[in-house]
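Each residue of the sequence shown is one higher than the one before, starting from 2 at the first, in the numbering used here.
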Amino acid sequence: KQEDLKSELLMTVDKLHEMERSMRTDVIKTLVKVLEYYDIYTRGHSENVSSLAQKIAHRMNLPEAVKDEIMVCGLVHDIGKILIPVHILNKPGKLSKEEYEIIKQHSQYGCDMLMESSHLHRIAKIVLHHHEHWDGSGYPHGLKKDEIPIESQVLMVADTWDAMISERIYKKPKTIDEAKMELMVYKGKQFSPEVVDAFLDII
C-alpha cells in the first residue's frame, strides 16, 4: 500500500545522514527504484536527471557541497509522486486540468516527506522548487530568477531535457536538435539562461 510504503521511505530517509556517502547513495537509488515501480513512465528518469544535473553543476563550477546536493536531489526530486494516485500517475494519455493540478502537488509532497528528517531540510527545499520557472510562471510558489535555488534551476533543465528525449505512450521523443531548440526558445522564460548555456556546452 502507498501509505505503508511512505512510512518505510520516511524511516529510511531519516537514517540516511548516518551512513557513509557511498552507502547513502545506494540506499537512495533503492528508494528511487521503489518509486519507479509505481511510476512506469519515468523508470530510469531520476538517475538520468541526477547524472545530467551533476554535469551541469560541474560545468558551472559550483561548489562541491552544491554538487553533492544536486546529485541527491536529482535522485529524489520526484519522490513525492508516491502519494499521487496510480491511475493518474500512469495514465496513458494527456492529463485533464484537474489531474494535472493533482500531479503538481508531488513537489510539495516530496518536500514534506524529506522535511521529516532534520538533516535533509536543504534537500527538501530544492525538491520543492524544481518546477519553478525563471520568469515566475512555475509552481508551487511562483518564484523567479535568483529567488529559485541554483540547485532547483539546474534540476529544472536536467528534468525537462530527459523528459523531452524520452519516449512515452502518449508522445514520441524529441530529437536532440529539437530538444536543444526547445531549451533555446524557453531560455530566460522557463529556464535560467546561465544553466541553459552550461548545459548546451556539455550536451
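Yeah, the Cβ is synthetic: ideal placement off N, Cα and C, and Gly gets one too.
Give every residue of the same chain whose Cβ lies closer than 7 Å to the Cβ of Leu53, excluding the five residues on either side of it in the sequence, and list them in chain order. Hits under 7 Å: Ala159, Trp162 and Asp163.
Could you check what DSSP says for Lys145 in three-state terms: helix, strand or coil? In the three-state reduction of the DSSP assignment, Lys145 falls in the coil class.
What does DSSP give as the partner residue(s) for Phe286 in the beta ladder? Residue 286 lies beyond the residue range present for the chain, which begins at 2 and ends at 204; the question has no answer from this structure.
Which residues DSSP lists as bridging Arg60, in chain order: According to DSSP, which records beta bridges pairwise, Arg60 is partnered with nothing at all.
At the level of alpha carbons, what is the spacing between His122 and Asp79? In this model, His122 and Asp79 are separated by some 16 Å (Cα to Cα).
Between His142 and Phe200, what straight-line distance do the alpha-carbon atoms span, to the nearest angstrom? When rounded, the distance between both Cα atoms is 25 Å.
Roughly how many angstroms separate the alpha carbons of Asp147 and Glu133, rounded to a whole number? Distance from the CA atom of Asp147 to the CA atom of Glu133, rounded to whole angstroms, is 11 Å.
Touch check for the region 95-104 and the region 34-54: three-plus C-beta pairs under 8 Å? Because the criterion of three Cβ pairs below 8 Å is not met, the region 95-104 and the region 34-54 do not touch.
Which whole-angstrom value describes the C-beta separation of Lys126 and Cys112, a residue pair presumed to lie in contact below a C-beta threshold of 8 Å? The C-beta distance from Lys126 to Cys112 rounds to 7 Å, short enough to meet the 8 Å contact threshold.
Endpoints, alpha helix (DSSP H) assigned at Lys68: Where Lys68 is concerned, the enclosing alpha helix (DSSP H) stretches over Glu65 to Val77.
Under three-state DSSP, which class holds Arg123? The answer is helix: DSSP assigns Arg123 an H, G or I state.
Could you have a look at Lys30 and say whether DSSP puts it in helix, strand or coil? In this structure, Lys30 counts as helix in the three-state DSSP scheme.
Let me check one thing: in DSSP terms, what residues is Arg44 bridge-paired to? The partner list for Arg44 (beta bridge, DSSP) is empty, contrary to what the question assumes.
Taking only the alpha-carbon atoms, compute the straight-line gap between Ile149 and Gln191 and give it to the nearest angstrom. If you take the alpha carbons of Ile149 and Gln191, they lie about 12 Å apart.
Contact set for Val87: own chain, Cβ-Cβ below 7 Å, skip 5 residues either direction: The residues are Tyr39.
When the Cα atoms are used, what is the spatial distance from Val128 to Ala66? Near 16 Å, if we compare the C-alpha coordinates of Ala66 and Val128.
Following the continuous alpha helix (DSSP H) through Glu100, name the residue where it begins and the one where it ends. Run containing Glu100: Lys98 to Ile104, per the alpha helix (DSSP H) assignment.
Does the separation of the CB atoms of Gly75 and Leu156 fall below 8 Å? Yes.
Is Ile57 closer than 8 Å to Ile203 when the C-beta atoms are compared? Cβ atoms of Ile203 and Ile57: closer than 8 Å.
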